[in-house]
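Protein chains in written order, with my numbering: chain A, 2 to 376; chain B, 858 to 1220.
Backbone N, C-alpha and C define an ideal beta-carbon position, used for all residues, glycine too.
All values reported here derive from a predicted model rather than from experimental measurement.
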């Protein structure tokens, strides 16, 4: 290309830089943004916001933000990870004056949020699960996530007590690190009750594919699994199908106890209400939100569903003791001696990976006792 | 014909009446569809006036709205061509999604291999790879139809599922960038191999290329013997065979050409939007393309305004959700009403006296 015409993006960047220079000249020392009395916050979901799962968990967070005085919340559901989400974000900025955006699907981060963040440097973009890095990514982008694998470990403890066949099942979307950590944690929780328990996993290959999820659940029930959980975007189908087969169920993402009141043991839930309320309040009062935020049970990022009626006293006691241990911090689910299900050593005797260990975020194995394969 | 025309007011008027029918009936059907949707909104206690106001504001009412609409148009043009071209032969191909997805994977994989090569050489090669894979994928649907008598509608739909599964396998397995942990993708393309926006706009080059493809497809169908032969075969295969037309080659050629356009959509999604091939390629453009091709009555020129209109509907979906508290499915309901109205309007061709010079003389 011989010449570089003045694009809208270039113009905006230029004007933003000029505005920045001007404010430096006239208002020296004003590093903190001003406190705000009114703010519009946008939430974007990849699926329906009443999916009993990933999107509902975020929408419940958005509902909590609505209660903050002076905050207007705008939402959009079913937005694909294409140019669509870029335009949805821009539409919220241009038509609604949104200053803080929560585009909540993992796939929105690269390239979509990163592209928009450069065009709109005065808008804050907060993304769930993304890996913000100071040397690569803009400062008006932040990423946050929670150690929900701990919740699956607690799920596993109730599953270990409830299972009679000593076989539990997991319906999983894709063999990516976040999902593998959940599967491994679920089994290791159950093995903390009885080391003979095995966990069969079936990958559906899609984040949201009701038919395959139902088939996988039925296949697990046919194989003798009597406690089933999952990691897909909307656990509704898995929970209802499993309960219909008489299996106990553990929830994920959001509270699904209303779908199977008798057979629901507990569930690992996101507590985005706390995370989002904190972030919005911080931005309203002019504070800077850190660009990289992580938290677990102790920080209130995740929570457990109330224990169901099928949970025994022994189960409850072990659940609560383990939960209290996790709340102290430094708890490790992946600890030696531990092998993967191909016989390779994952952790030697005495070696452990605590919940905050970044090595867990690139997990690529299923632990011994998980029946299934990631390739 | 000429004697008849003389008695009824001249060739020009006859020609005008015939042309007007092709525009007026779909336009009327569109308006009826929108009106019925307005009634539907009233039953839900929502204002149709407000709804169409937001559609205008978010889809067409400002420079930003136009950028929004046109950004969404490019893949729809290609996807609609993948339906419209085989349709001229009477084939209903609804699996363009598969060609988009696999075309995109081919482009992403080749782009990784060609990193460091001059874009002047690499980009055409990548586009050719997308086109070739799309052509083979939908061409195979044509071949199954011609050689084995397999229904092309079912075959293309099922092959789209296979394509998506194959794409998932490839980007999660052999072609995966080890650094893409939680969203398996091919390695990101280097900046030199990215297709940028049009000068002064945010709309990428897929839009002018898509419009050009629509025009070329129209020339092919309306102005060449190949297109004429295809229309004959589409009308009656036996008659075409009796006339000695190469029906087999026509079917293979038109399905492959349709697939190559879909492959080009994959090329632009990867090089202009995503920057790598991953599961986001399967985002339903192929299915929206079916609707557009039918609304355009498989006329490649009509695809352009129809694609822009539907892109405008989709661009406004967000504002409608936010301002009127209507679910995302609202725009799907709207598309459904319009689709049914257009299908029903098919029965009106040749029945409305004003457009039918043959009937002007009779009382």
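Assigned exposure category for residue i - 16 Cβ within 10 Å defines buried
i, result
"residue 173 of chain A", "buried"
"residue 335 of chain A", "buried"
"residue 933 of chain B", "buried"
"residue 52 of chain A", "buried"
"residue 1093 of chain B", "exposed"
"residue 1113 of chain B", "buried"
"residue 1085 of chain B", "exposed"
"residue 298 of chain A", "buried"
"residue 945 of chain B", "buried"
"residue 929 of chain B", "buried"
"residue 56 of chain A", "buried"
"residue 316 of chain A", "buried"
"residue 25 of chain A", "At residue 25 of chain A the pLDDT is 38, less than 50, meaning the model places this residue with poor confidence and gives no usable figure here."
Continuous alpha helix (DSSP H) stretch holding residue i: start and end
i, result
"residue 1222 of chain B", "This structure gives no information on residue 1222 of chain B, because the portion of chain B shown stretches from 858 to 1220."
"residue 88 of chain A", "84-97"
"residue 184 of chain A", "178-192"
"residue 976 of chain B", "976-1005"
"residue 118 of chain A", "115-120"
"residue 1187 of chain B", "1186-1202"
"residue 912 of chain B", "905-916"
Residue i - DSSP class collapsed to helix/strand/coil
i, result
"residue 31 of chain A", "Residue confidence is low: residue 31 of chain A scores 39 on pLDDT, short of 50, so the model does not pin down where it sits. No coordinate-derived value is stated."
"residue 1174 of chain B", "helix"
"residue 79 of chain A", "coil"
"residue 939 of chain B", "helix"
"residue 1 of chain A", "Given that chain A is displayed from residue 2 to residue 376, the structure contains no residue 1 of chain A and the question cannot be resolved."
"residue 365 of chain A", "coil"
"residue 1209 of chain B", "coil"
"residue 127 of chain A", "strand"
"residue 925 of chain B", "helix"
"residue 132 of chain A", "coil"
"residue 40 of chain A", "strand"
"residue 1035 of chain B", "coil"
"residue 882 of chain B", "helix"
"residue 868 of chain B", "helix"
"residue 343 of chain A", "coil"
"residue 270 of chain A", "strand"
"residue 26 of chain A", "Unreliable placement is indicated for residue 26 of chain A, whose pLDDT of 36 sits below 50; no coordinate value is reported for it."
"residue 313 of chain A", "coil"
"residue 46 of chain A", "coil"
"residue 348 of chain A", "strand"
"residue 1143 of chain B", "helix"
Distance cut-off 7 angstroms: residue i Cβ against heavy atoms of the ligand SAH
i, result
"residue 1092 of chain B", "Ligands displayed in this structure: none; no statement on the ligand SAH is therefore possible."
Residues that residue i contacts on chain B, provided the C-beta gap is smaller than 8 angstroms
i, result
"residue 76 of chain A", "1178, 1179"
8 angstroms Cβ cutoff met for residue i and residue j
i, j, result
"residue 191 of chain A", "residue 198 of chain A", "yes"
"residue 1191 of chain B", "residue 894 of chain B", "yes"
"residue 170 of chain A", "residue 94 of chain A", "no"
"residue 226 of chain A", "residue 159 of chain A", "no"
"residue 128 of chain A", "residue 273 of chain A", "no"
"residue 874 of chain B", "residue 1089 of chain B", "no"
"residue 256 of chain A", "residue 48 of chain A", "no"
"residue 97 of chain A", "residue 75 of chain A", "yes"
"residue 46 of chain A", "residue 105 of chain A", "yes"
"residue 913 of chain B", "residue 956 of chain B", "no"
"residue 952 of chain B", "residue 1014 of chain B", "yes"
"residue 142 of chain A", "residue 277 of chain A", "no"
Delimiting residues of the beta strand (DSSP E) encompassing residue i
i, result
"residue 304 of chain A", "303-305"
"residue 334 of chain A", "333-336"
"residue 355 of chain A", "353-355"
"residue 950 of chain B", "Element bounds for residue 950 of chain B: n/a, residue is neither H nor E."
"residue 230 of chain A", "228-232"
"residue 205 of chain A", "No beta strand (DSSP E) contains residue 205 of chain A, which DSSP labels as neither H nor E."
"residue 254 of chain A", "249-254"
"residue 295 of chain A", "293-296"
Neighbour list for residue i in chain A, Cβ cutoff strictly below 7 angstroms
i, result
"residue 1131 of chain B", "112"
"residue 928 of chain B", "84, 88"
"residue 1175 of chain B", "77, 89, 92"
"residue 1172 of chain B", "88"
Contact set between residue i and chain A, taken where Cβ atoms lie within less than 9 angstroms
i, result
"residue 1022 of chain B", "206"
Per-residue contacts from residue i into chain B (C-beta, under 7 angstroms)
i, result
"residue 95 of chain A", "921"
"residue 130 of chain A", "1039"
Chain A contact residues for residue i, given Cβ-Cβ distances below 8 angstroms
i, result
"residue 1141 of chain B", "81"
"residue 1030 of chain B", "376"
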